[in-house]
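Chains as they are written, first to last, in the numbering used here: chain A, 1 to 173; chain B, 1 to 282.
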Amino acid sequence: MKLNSFRKKSPWILHYNAGSCNGCDIEILACLAPKYDIERFGIINTGNPKQSDVLLVTGPVTKRSRERLVEIYAQMPEPKVVVSCGACACTGGVFRGMYNCEGGIDQYIPVDVYVCGCGSRPEQIIDGVIEALAILEKKTKDLEQSIRLKKEPVKEDTQLNRRDIAAEIKEIA
Amino acid sequence: MKDILIPVLLILLAPAIGGLVYGFERIVKARMQRRTGPPLLQPFYDFLKLADKRKMIVHSTHAFLGIMHFVSLWFALAVLLLGGDLILVIFLHLLSTSLLILAGYSTRSIFSHLGANRTAISILCYEPVLILIAVSAFMLTGSFDTSSIFNYGASLLFKMPLAFVALLMVLPIKLKKSPFDIAEGHQEITGGVELEFSGIFYEAIYIAKWLDCVFCYTLAYLFGANDPLLGMGLVLFVFLFINGLDNSSARVNYKQMLKFSLVVALPIAFINLLITILFLQL
């Protein structure tokens with residue numbers, strides 16, 4: 001029994017609405033409801049960034065919400081993945097180029113999985129989250145690998161010797 | 001030797017048993033809502049995952065208080081299972097909860113403060129009732145020791161049924177189940193005191209929840225301690241009752257909870273005490 005295989009069995013989701021029209025949020029809530037029931041994969045919708053693994057963002061980033069978005073992302077402990085959910089979160093959607101919105105969340109935080117659709121269907125969201133789990137596992141493995149710093153001997157001393165460039169001292173006759 | 005072996009094994013395996021109970025609880029809750037639900041070992045998967053996460057702490061005292069909450073709760077459970085003093089058990093449980101409250105107040109997070117406030121209120125709700133139940137058990141058996149309940153001639157359930165009713169009323173408060181889950185309130189205060197814990201330090205709080213399950217079901221078992229079959233039946237009944245109630249009711253606010261506990265549950269426990277004394281006089 002390998003302990004490592006348990007990792008992706010309990011992703012806890014944090015859902016953040018960055019100015020969405022609630023279309024995608026309703027679909028996310030539909031995933032939690034009895035029909036799609038994502039709790040069978042061990043997924044819980046926590047409201048708490050400090051205990052969650054997957055950040056599920058909907059909506060184009062309005063100028064009010066961008067600071068909170070970055071703050072929430074910073075509060076999540078590694079390893080973490082970001083799923084942008086819906087056309088607005090991916091590219092800005094119909095709000096792209098408007099004065100009060102930014103074009104998609106990837107202008108502020110790194111995104112791992114893009115889920116398309118306006119609003120994206122529950123099946124697509126579940127698919128996206130499952131896709132994100134593979135990335136989460138890879139990230140965990142990357143974190144685990146020890147980093148060895150390479151130390152190579154210096155072949156040629158390129159530094160200037162100060163004695164070479166020093167001004168000559170003329171002997172006083 | 002054999003008498004001590006079973007309690008010691010139970011104490012050592014208490015987190016594992018609690019985890020299984022918690023996993024089973026999630027399945028039962030899911031089935032009540034016509035969902036499939038997570039696998040039985042899901043709490044352990046969560047446990048292993050949380051161990052992998054980066055450790056972020058607010059400050060060292062906060063993390064330490066969280067761990068001490070878990071340790072002292074385990075200690076309280078150990079005293080209960082080894083047949084110790086019931087009053088001591090209740091106060092050790094109070095100590096562990098108050099450590100959690102201190103942890104809640106030690107951060108600057110407003111949700112953490114709210115959770116600590118509400119946890120303090122829920123202590124006010126269940127603690128007097130538990131103490132009155134312990135006192136009525138003392139009146140019957142002549143000792144506060146849990147072992148004397150086991151050695152008593154008849155089951156406590158038939159001797160003081162009203163105490164069991166009072167216990168049923170306060171157990172949802174203790175286990176943080178709906179309608180009395182104001183201390184946790186995932187939709188309002190996102191977990192309350194446990195909000196600021198993360199990674200391996202949240203794990204201590206998470207396992208403490210499982211231990212709380214074992215603690216509460218052991219209290220229910222005490223009412224049928226004389227007859228193991230009756231005891232297990234009571235535990236099963238309490239399990240189904242609490243989860244059914246959790247699924248079928250909405251959260252009340254803290255005033256309603258306080259009112260319910262002090263006006264309904266506490267008088268029932270008190271009447272039970274009076275009746276017990278009256279029967280002893282006859």
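Positions of the beta carbon are idealized from the N, C-alpha and C atoms, including for glycine.
Residue-level contact to chain B via CB, residue i, 8 angstroms cutoff
| i | result |
| --- | --- |
| A:Pro122 | no |
| A:Lys9 | yes |
| A:Met1 | With a pLDDT of 45 at A:Met1, under the threshold of 50, the modelled position of this residue cannot be trusted; read the value that follows with caution. So no, A:Met1 is outside the interface. |
| A:Asp25 | no |
Interface partners of residue i on chain C, CB under 9 angstroms
| i | result |
| --- | --- |
| A:Glu78 | Among the protein chains in the structure shown, which are A and B, there is no chain C. |
CB-CB length for residue i against residue j, believed under 8 angstroms
| i | j | result |
| --- | --- | --- |
| B:Ile27 | B:Gly37 | 4 angstroms |
| B:Thr97 | B:Ile123 | 6 angstroms |
| A:Val82 | A:Ile109 | 6 angstroms |
| A:Ala30 | A:Thr58 | The pair is not a contact, with the Cβ atoms about 13 angstroms apart (cut-off 8 angstroms). |
Any chain A beta carbon closer than 8 angstroms to residue i
| i | result |
| --- | --- |
| B:Lys49 | yes |
| B:Gly104 | no |
| B:Tyr22 | no |
| B:Ala30 | yes |
| B:Tyr217 | no |
| B:Tyr45 | yes |
| B:Thr190 | yes |
| B:Leu10 | no |
Chain A contact residues for residue i, given Cβ-Cβ distances below 7 angstroms
| i | result |
| --- | --- |
| B:Pro38 | Glu39, Arg40 and Gly42 |
| B:His186 | Gly47 |
| B:Gln42 | Ser10 and Gly42 |
Contact list for residue i against chain A, beta-carbon separation under 8 angstroms
| i | result |
| --- | --- |
| B:Leu195 | Asn48 and Lys50 |
| B:Arg35 | Pro34, Asp37, Glu39 and Arg40 |
Quick one, which residues of the region 27-61 of chain A are near chain B if we go by CB-CB under 8 angstroms, in chain order?
Pro34, Asp37, Glu39, Arg40, Phe41, Gly42, Thr46, Gly47, Asn48, Lys50, Gln51 and Asp53
Contacting positions in the region 117-150 of chain A - beta carbon closer than 9 angstroms to chain B:
Thr140, Leu143 and Glu144
Within the chosen definition, does the region 43-55 of chain B reach the region 64-78 of chain B through at least 3 CB pairs nearer than 8 angstroms?
no
Mind listing which residues of the region 198-209 of chain B have their C-beta closer than 8 angstroms to chain A's C-betas, in chain order?
Ser198, Gly199 and Tyr202
Is the number of C-beta pairs between the region 119-128 of chain B and the region 180-188 of chain B that are closer than 8 angstroms three or more?
yes
Could you tell me whether the region 12-32 of chain A touches the region 53-63 of chain A, where touching means 3 or more Cβ pairs closer than 8 angstroms?
yes
Sufficient close CB pairs (3 or more, under 8 angstroms) joining the region 103-112 of chain A to the region 83-94 of chain A
yes
Any 3 or more C-beta pairs closer than 8 angstroms across the region 147-155 of chain B and the region 258-271 of chain B
no
Does the structure place the region 32-41 of chain A close enough to the region 173-181 of chain B that three or more beta carbon pairs sit under 8 angstroms?
no
Just checking, does the region 134-144 of chain A make contact with the region 68-79 of chain A on the three C-beta pairs under 8 angstroms criterion?
yes
Could you check whether the region 1-12 of chain B touches the region 199-213 of chain B, counting it as contact only if at least three pairs of C-beta atoms, one from each stretch, sit closer than 8 angstroms?
no
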